[in-house]
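Protein chains in written order, with UniProt numbering: chain A, 1 to 294; chain B, 1 to 294.
Glycine included, every Cβ here is placed at the ideal spot set by N, Cα and C.
These figures come from a predicted structure and were not determined experimentally.
Note sheet for the following structure.
There are 2 protein chains.
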Amino acid sequence: KTLHLIVLLPSVVVSRPFSRVRMKEGEVMIGTQVAKVIQSINPAFPVGCHVVGRCGWRTHTVSDGTGLTCLLSDWPQDVSMSLALGAIGMPGLTALYGLEEVLGLQAGETLLVNAAAGAVGSIVGQIAKIKGCRVVGSSGSNDKVAFLKELGFDEAFNYKTVNSLEEVLMTAAPNGYDCFFENVGGLFSSVAIPQMKQFGRIAVCGSISTYNDTNPQTGPYPHLTMIFKQLKMEGFMVGRWEHKNPESLRRLMAWKREGKLQCREQVTEGFENMPAAFMGMLQGENIGKAIVKV
Amino acid sequence: KTLHLIVLLPSVVVSRPFSRVRMKEGEVMIGTQVAKVIQSINPAFPVGCHVVGRCGWRTHTVSDGTGLTCLLSDWPQDVSMSLALGAIGMPGLTALYGLEEVLGLQAGETLLVNAAAGAVGSIVGQIAKIKGCRVVGSSGSNDKVAFLKELGFDEAFNYKTVNSLEEVLMTAAPNGYDCFFENVGGLFSSVAIPQMKQFGRIAVCGSISTYNDTNPQTGPYPHLTMIFKQLKMEGFMVGRWEHKNPESLRRLMAWKREGKLQCREQVTEGFENMPAAFMGMLQGENIGKAIVKV
Chain A
1 KTLHLIVLLP SVVVSRPFSR VRMKEGEVMI GTQVAKVIQS INPAFPVGCH
51 VVGRCGWRTH TVSDGTGLTC LLSDWPQDVS MSLALGAIGM PGLTALYGLE
101 EVLGLQAGET LLVNAAAGAV GSIVGQIAKI KGCRVVGSSG SNDKVAFLKE
151 LGFDEAFNYK TVNSLEEVLM TAAPNGYDCF FENVGGLFSS VAIPQMKQFG
201 RIAVCGSIST YNDTNPQTGP YPHLTMIFKQ LKMEGFMVGR WEHKNPESLR
251 RLMAWKREGK LQCREQVTEG FENMPAAFMG MLQGENIGKA IVKV
Chain B
1 KTLHLIVLLP SVVVSRPFSR VRMKEGEVMI GTQVAKVIQS INPAFPVGCH
51 VVGRCGWRTH TVSDGTGLTC LLSDWPQDVS MSLALGAIGM PGLTALYGLE
101 EVLGLQAGET LLVNAAAGAV GSIVGQIAKI KGCRVVGSSG SNDKVAFLKE
151 LGFDEAFNYK TVNSLEEVLM TAAPNGYDCF FENVGGLFSS VAIPQMKQFG
201 RIAVCGSIST YNDTNPQTGP YPHLTMIFKQ LKMEGFMVGR WEHKNPESLR
251 RLMAWKREGK LQCREQVTEG FENMPAAFMG MLQGENIGKA IVKV
């Protein structure tokens with residue numbers, strides 16, 4: 001049986017000047033999948049091998065190989081290949097590079113991560129724990145908070161039910177945050193940035209609270225806080241360190257095999273349920289990576 | 001005759017969480033001065049020597065020496081000591097460290113600087129020219145634009161009279177900006193950030209357009225642009241590299257002596273005119289460093 005797992009991606013692209021490229025009716029919706037090669041004349045991708053590709057929402061794809069990558073050659077039989085779309089794939093690499101390359105996270109530091117129960121956030125927090133950090137996670141449901149506690153987060157809260165986000169952040173880290181892994185943007189960032197320590201670093205990975213804005217949300221300019229605390233804020237995309245991917249995927253796999261990385265997935269069955277799964281993901285209904293099994 | 005030059009500083013301080021420490025009635029207004037020591041029992045500051053200190057708005061100061069620094073020991077006789085408050089002082093160091101330490105500006109890159117005719121901005125642009133960069137400067141009057149052209153800026157414009165700041169920025173650098181030295185904040189930043197190149201760097205030095213806000217100004221969140229262009233934005237204060245000051249001041253002095261650095265000052269005479277000079281500075285009436293001669 002052919003295995004098709006499709007991962008759901010938000011569809012926002014920004015060009016210069018600031019504008020969104022929206023998808024047009026009739027275009028194939030973007031998405032990444034693990035798929036089995038069922039016919040091939042390309043020796044790089046023989047029949048039976050598994051590949052990861054951004055082929056969009058399709059049950060079957062004809063490809064010349066461009067943009068496809070083979071699964072790690074030594075992918076263990078007892079590890080689900082769907083993890084190549086999550087913890088041992090792009091989201092896991094995003095977490096790793098954000099922490100190591102952008103933030104330069106050091107043992108003993110305090111890290112804040114939001115959308116912490118998501119595909120990226122849940123790996124961010126776990127890697128930060130592996131590195132000996134104190135981790136504070138924000139998420140949007142009590143189930144997610146329980147999940148974060150399971151993962152070993154030092155502090156976790158439901159931002160939707162707290163009285164004051166500012167107070168919760170201050171209580172969770174009275175001396176402030178060395179690092180902030182930003183997945184949410186918008187109002188959360190306005191509250192979190194003043195909670196940084198002097199010389200704090202912010203990795204801007206996502207901005208999920210603003211992806212669906214018709215008009216861009218506005219908030220107070222962070223300049224004064226950035227100056228007086230000498231903060232550094234950097235946006236990044238996972239492709240920047242592509243040359244490190246094979247080694248990095250092996251590191252993620254090793255942590256998974258050692259039991260240091262729990263890899264939660266929200267699996268939806270059936271191609272026809274993809275739109276609902278996608279919309280649910282944007283509304284925060286998933287814990288861990290949102291996967292559709294086709 | 002005792003020489004007292006007082007430099008005007010804006011009075012905004014930000015603590016955690018975001019709030020402004022406003023000066024209270026009866027406090028001495030903050031400011032930096034070059035002053036001659038007229039009485040001393042401190043061997044580090046003998047009578048007759050000149051010091052730079054943040055003593056506030058005073059004609060005379062009693063000090064135990066804390067926070068005072070002597071002028072460069074080899075300060076040339078034909079260079080006005082008031083430059084120790086400007087190009088060969090804190091503003092010059094700010095320009096230098098912002099360009100070298102924060103932005104890592106490289107020859108051939110394109111730099112944007114706003115408040116470009118100010119104490120810091122005018123030095124930023126000139127150092128960037130020394131380094132072989134293309135420099136675009138924004139300022140708030142036609143006189144300032146003429147001054148920037150004199151300084152060798154490649155492009156300069158009056159942001160108050162342009163039809164569209166966005167269009168002017170695009171025309172001045174059709175391929176975008178590698179670096180942005182930010183002195184203004186607020187709306188300017190919202191328009192400028194989308195004009196950055198991929199991997200652009202932004203040094204946040206000042207936010208003069210927001211210093212007098214009773215309520216913080218708001219604008220669109222920059223997260224999406226920061227992510228998709230992988231921008232880096234860093235706030236800084238000049239004190240971070242204090243250990244390099246003596247060497248850096250000598251470099252600035254050398255450029256000045258070689259005619260590579262024009263050091264413009266806006267000199268107001270008389271202690272009693274200080275408040276008007278200060279308010280004028282915040283309203284952009286000065287070209288170069290605002291100085292009051294007492």
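CA-to-CA, the gap between E166(B) and M23(A) works out to about 26 Å. DSSP places S138(B) within a strand segment (E or B) once states are collapsed to three. Among the residues facing chain B, G185(A) is included, as its CB has a counterpart in that chain under 8 Å away.
Short of 7 Å from the beta carbon of V168(B), and not among the five residues preceding or following it, lie these beta carbons of its own chain, in chain order: F157 and V162. Within the stretch 145-207 of chain A, the runs of beta strand (DSSP E) that reach at least 3 residues and sit entirely inside it are, in chain order, 155-158, 177-182 and 196-204. Neighbours of T268(B) across chain A, judged by C-beta separation under 7 Å, do not exist; the nearest C-beta is about 26 Å away.
In this structure A84(A) is in contact with V52(A), their Cβ atoms being roughly 5 Å apart against a cut-off of 8 Å.
Under the 8 Å criterion on CB atoms, S207(B) is classed as interfacial with respect to chain A. Against chain B, the beta carbon of L231(A) has neighbours under 9 Å at V204, M233, E234 and G235, listed in chain order. Judged by pairs of C-beta atoms under 8 Å, the stretch 237-249 of chain B does not touch the stretch 236-250 of chain A, as fewer than three such pairs exist. For T94(A), the enclosing alpha helix (DSSP H) stretches over residues M90 to Y97. Within the stretch 204-289 of chain A, the complete beta strand (DSSP E) segments of 3 residues or longer fall at 218-220, 232-235 and 265-269, listed in chain order.
By the beta-carbon neighbour count (other beta carbons within 10 angstroms, threshold 16), H223(A) is buried. Non-local C-beta neighbours of G206(A) in its own chain, meaning closer than 6 Å and more than five positions away in sequence, comprise N183, ordered along the chain. DSSP places A84(A) in the helix class (H, G or I) of the three-state scheme. At a cut-off of 8 Å, the C-beta of I227(A) has a neighbouring C-beta in chain B.
In terms of Cβ geometry, Y177(A) and Q198(A) do not form a close pair [threshold 8 Å]. For G219(B), the chain A residues whose C-beta falls within less than 7 Å of its own C-beta are T218 and Y221, listed in chain order. Listed as beta-bridge partners of C70(A) by DSSP are V51(A).
For T210(A), the residues of chain B that pass the 8 Å Cβ criterion are Y221, H223 and L224, in the order they occur in the chain. Taking CB atoms only, S82(B) has no neighbour in chain A less than 8 Å away.
By the rule that beta-carbons nearer than 8 Å mark a contact, R240(A) touches chain B. Any Cβ of chain B closer than 8 Å to the Cβ of S248(A) would place that residue at the interface, and such an atom is absent.
The alpha carbon of N215(A) has as its nearest neighbour, out of V294(A), W241(A), R201(A) and G186(A), the alpha carbon of G186(A). Counting the other Cβ atoms within 10 Å of the Cβ of E269(B) gives fewer than 16, which makes it exposed.
In the DSSP assignment, V113(A) falls within the unbroken beta strand (DSSP E) covering T110 to V113.
Taking a beta-carbon distance threshold of 8 Å, S138(A) does not count as an interface residue toward chain B.
For Q126(A), the enclosing alpha helix (DSSP H) has its first and last residue at G121 to I130. Excluding its 5 nearest sequence neighbours in each direction, L96(A) has C-beta neighbours in its own chain below 8 Å: I123, I127, S248, R251 and L252, listed in chain order. Going by C-alpha positions, K36(A) is about 10 Å away from P46(A). The residue from F228(A), R264(A) and G67(A) with its alpha-carbon nearest to that of C55(A) is G67(A). According to the DSSP assignment, V34(A) belongs to the beta strand (DSSP E) that extends over G31 to K36.
Residues of the stretch 161-173 of chain B that bring their beta carbon within less than 7 Å of a beta carbon in chain A comprise E166, in sequence order. The beta carbon of S189(B) sits closer than 8 Å to some beta carbon of chain A. When only Cα atoms are considered, Q217(A) and G140(A) end up about 20 Å apart.
Assignment of V79(A) by DSSP, reduced to helix, strand and coil, places it in the coil class.
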